[in-house]
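Below is one structure, written out as structure tokens; comments come after it.
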Amino acid sequence: MPPERRPPDDPIEWLNRAKSNLARATADINLSNIYLEDLCFDAQQAAEKAIKALLLFRGVVFPFVHDLAELVTVLQRNGEEVPPSIAEAARLTRFAVETRYPSLAEAVTREDYNRAVAIAAEVIHWVEKHMLDKR
């Protein structure tokens, strides 16, 4: 059952949505009719929504972009120390656009998928810890 809905300006709603995307990214990985690209899109969305949750939590107006490097830069400009493992989320940006539609881009490998999910999970964990520590 999904969490109770909150207002769209509530950082917890954004964090819950991030967790939902991560759950989708990791659900039914063995189904033969699901492209890994689609699951990586959910991993990218999970990281993006988590970062935006932290920006909202800190009262920072964020740009409506899918570029995770840009969002990490916004965090840094607003005094957040972002560890390299979290800044690595920028690698997921390509899944926001390039792989969403049929293209000539290389197919996503199982290794790419595993890395995307690991990065997204780490971003969510880091954001959640920051939000709990700063309450």
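One rule links them: number in this note's numbering = place in the sequence shown (from 1) + 509. Note that CB positions come from ideal geometry on N, CA and C, so glycine has one too.
Review point. Taking contact to mean at least 3 C-beta pairs separated by less than 8 Å, is the segment 598 to 609 in contact with the segment 527 to 542?
Key: By the criterion of at least three beta-carbon pairs nearer than 8 Å, the segment 598 to 609 is not in contact with the segment 527 to 542.
**Study point:** Reference Glu615; option with closest CA among Pro516, Leu545 and Pro520
**Key:** Taking the Cα of Glu615 as reference, the smallest distance to any Cα among Pro516, Leu545 and Pro520 is reached at Leu545.
Exercise for review: State the DSSP-derived secondary structure class of Arg533, mapped to helix, strand or coil.
Suggested key: helix
Exercise for review: Quick one: measure Cβ to Cβ for Asp551 and Asn530, integer angstroms, because I've assumed they're closer than 8 Å.
Suggested key: 5 Å
Exercise for review: Ignore the nearest five residues each way along the sequence and tell me which others in Val581's own chain have a CB closer than 8 Å to its CB.
Suggested key: Excluding five sequence positions before and after Val581, the CB atoms of its chain that fall closer than 8 Å to its own CB belong to Ile560, Val591, Ile595, Ala596, Ala598 and Ala599, given in chain order.
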